[in-house]
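Below you'll find the structure, written out as structure tokens, and then a few comments.
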Ligand SMILES: Nc1ncnc2c1ncn2[C@@H]1O[C@H](COP(=O)(O)OP(=O)(O)OP(=O)(O)O)[C@@H](O)[C@H]1O
Ligand SMILES: [Mg+2]
């Protein structure tokens, strides 16, 4: 083969492989710079080929450049992680191997092979941060560290009392618990009570919202990671190991990717986990409490929740009713929440006027008990020296939860059957929801936590909706 044929061979080879390749000659001029490298560094091949490395990559300090060190000192660097700015100032993390090419004792070229691990690095950083955050005790905004227990659960409705009783029973054993309830119905309250009033109360209670994380991270968070050659990642325990002996709350489990759901099912059946990239089976003893805020049957039908996992988790099933279905409980809830808030605001308010109670009972509470709580917080904070809260203090979020106006939204089809105009009901509801979210975000100048409070939904749920 002559030299031209070799050149062609090299060009074809480097063009086809996935690894990024950059070769400079003895004078430091780029002679091979393949498409993978151009993609990684976000430049164009033509801008680099034929130019001097030291000029084109002038933002890499000369003494730190593995390429120039290979050329000058014949130094090889293997699998080194590097973070640097590309031409446009974007941070890129790679794992590089750079070697000098020696002929007759002289360095005639330097070759650099690189793999882009920017995403992997970001991912492992996020995992670390999230894990650290998740083992910190949860703080509620005003009371410092707060753990709920059954004494915090208010409700006298007979069906509701039965629910609390089965939760109390569950707290004494290790059975998995599946909680369904709309936003603000007390899923977290029940989950914490089962833990902190139960036989596992001295062990950790950890919670993870499955919708709050990209799917690719969730697996590492749950099961941990094992030392991996290329990321330099250390061994790290996942939530299953961290919650050992205690309880792991998996919120919005239907947001967990389907294949991860089957992995979770296996873990539940076998009581062993294996860290990502690891070889060892680690025994785990964790009680799982899973929650969803849509009916499980619907989630199964939609393909969001695995039926087998649902049956495995639902050894104890708790269906928390929306507040509008236990309206008789509104007065007792309102009174207890009022007591709590009066204490907090150091006000001496003893109760509600009849009008105020009537107003509270007339509302539908799409945000359920959280919404009622927020209404009472607002009322107490506004009240002056009154001893009774009156209707004027009760501000129902009418603007936000308004029903659509009485415009005729129907039309008739060819057979004279009445149909909704153009869109389906869920389209209309979607539009209304978007409108309400926009309004809340505008009113709070983009403060997600306050907007979520205003809408009576959790911050995580709002963030999820905003992303959508
Ligand atoms: N039965 C109840 N008695 C007293 N307070 C309650 C009750 N149910 C819920 N709350 C209060 O309402 C608020 C919302 O409850 P929680 O966070 O448990 O709801 P959730 O179902 O987890 O909501 P989300 O789906 O939005 O996460 C909390 O401040 C909680 O203390
Ligand atoms: Mg919750």
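Residue numbers (this note's numbering): 749 to 1216. By construction, the Cβ of each residue, glycine as well, lies at the ideal position given by its N, Cα and C atoms.
Please report the residue range of the alpha helix (DSSP H) in which residue i lies.
i, result
"residue 821", "814 to 821"
"residue 1120", "1116 to 1130"
"residue 751", "751 to 764"
"residue 854", "Unbroken run through residue 854 is the beta strand (DSSP E), 854 to 864; no alpha helix (DSSP H)."
"residue 802", "801 to 804"
"residue 1068", "Per DSSP, residue 1068 belongs to no alpha helix (DSSP H) and is neither H nor E."
"residue 771", "Per DSSP, residue 771 belongs to no alpha helix (DSSP H); it is in the beta strand (DSSP E), 768 to 773."
"residue 1204", "Segment: none, residue 1204 is in no alpha helix (DSSP H) and carries neither H nor E."
"residue 796", "793 to 796"
With a CB to CB cut of under 8 angstroms and the five nearest residues on each side skipped, what residues in its chain are close to residue i?
i, result
"residue 704", "Summary: the structure shown does not reach residue 704, with the chain confined to residues 749 through 1216, and so no result is reported for it."
"residue 1009", "1001, 1053, 1054, 1057"
"residue 850", "822, 856"
"residue 1048", "1054, 1055, 1058"
"residue 993", "948, 951, 952, 1033, 1034"
"residue 1013", "1054, 1056, 1057, 1060"
Considering only residues of the same chain and omitting the five flanking positions on each side of residue i, which have a CB-CB separation below 7 angstroms?
i, result
"residue 1095", "1128, 1131"
"residue 1073", "none"
"residue 807", "833"
"residue 1213", "1185"
Flag residue i as yes if its beta-carbon sits less than 8 angstroms from any beta-carbon of chain C, otherwise no.
i, result
"residue 761", "No chain C appears in the structure shown, which is made up of a single protein chain."
If I follow the unbroken beta strand (DSSP E) through residue i, where does it start and stop?
i, result
"residue 831", "825 to 833"
"residue 848", "839 to 851"
"residue 1056", "Premise fails: residue 1056 lies in the alpha helix (DSSP H), 1055 to 1061, not in any beta strand (DSSP E)."
"residue 1039", "1035 to 1040"
"residue 953", "953 to 957"
"residue 778", "778 to 781"
Tell me which same chain residues have a C-beta within less than 6 angstroms of the C-beta of residue i, skipping the five on either side of it?
i, result
"residue 1144", "1111"
"residue 755", "none"
"residue 841", "831, 865, 866, 869"
"residue 821", "none"
"residue 1030", "1021"
"residue 781", "770, 793, 796, 797"
"residue 861", "767, 769, 845"
To the nearest angstrom, how far is it from the Cα of residue i to the Cα of residue j?
i, j, result
"residue 1002", "residue 816", "52 angstroms"
"residue 751", "residue 804", "27 angstroms"
"residue 1079", "residue 1108", "8 angstroms"
"residue 905", "residue 915", "15 angstroms"
"residue 1087", "residue 1190", "32 angstroms"
"residue 1016", "residue 910", "27 angstroms"
"residue 1082", "residue 1019", "43 angstroms"
"residue 794", "residue 828", "27 angstroms"
"residue 995", "residue 1037", "7 angstroms"
"residue 983", "residue 898", "37 angstroms"
"residue 1184", "residue 1051", "28 angstroms"
"residue 1199", "residue 957", "19 angstroms"
"residue 1024", "residue 1067", "34 angstroms"
"residue 926", "residue 1063", "7 angstroms"
"residue 1208", "residue 858", "50 angstroms"
"residue 938", "residue 1180", "31 angstroms"
"residue 1092", "residue 1202", "20 angstroms"
"residue 1205", "residue 1007", "29 angstroms"
"residue 810", "residue 819", "12 angstroms"
"residue 988", "residue 900", "27 angstroms"
Is residue i near ligand 4 - that is, is its Cβ less than 7 angstroms away from at least one heavy atom of it?
i, result
"residue 1081", "The model on display carries ligand 1 and ligand 2 but not ligand 4."
Discussion item. Please give the ranges of any alpha helix (DSSP H) in the segment 888 to 943, keeping only runs that are unbroken, at least 4 residues long and fully inside the region.
Written reply: 906 to 918
Item to complete: Closer than 7 angstroms is what we want: which residues have a beta carbon that near any heavy atom of ligand 2? List them in chain order.
Response: 935, 936, 999, 1039, 1206
Worksheet entry | Whole runs of the beta strand (DSSP E) within the segment 959 to 1024, excluding any shorter than 3 residues | 995 to 999
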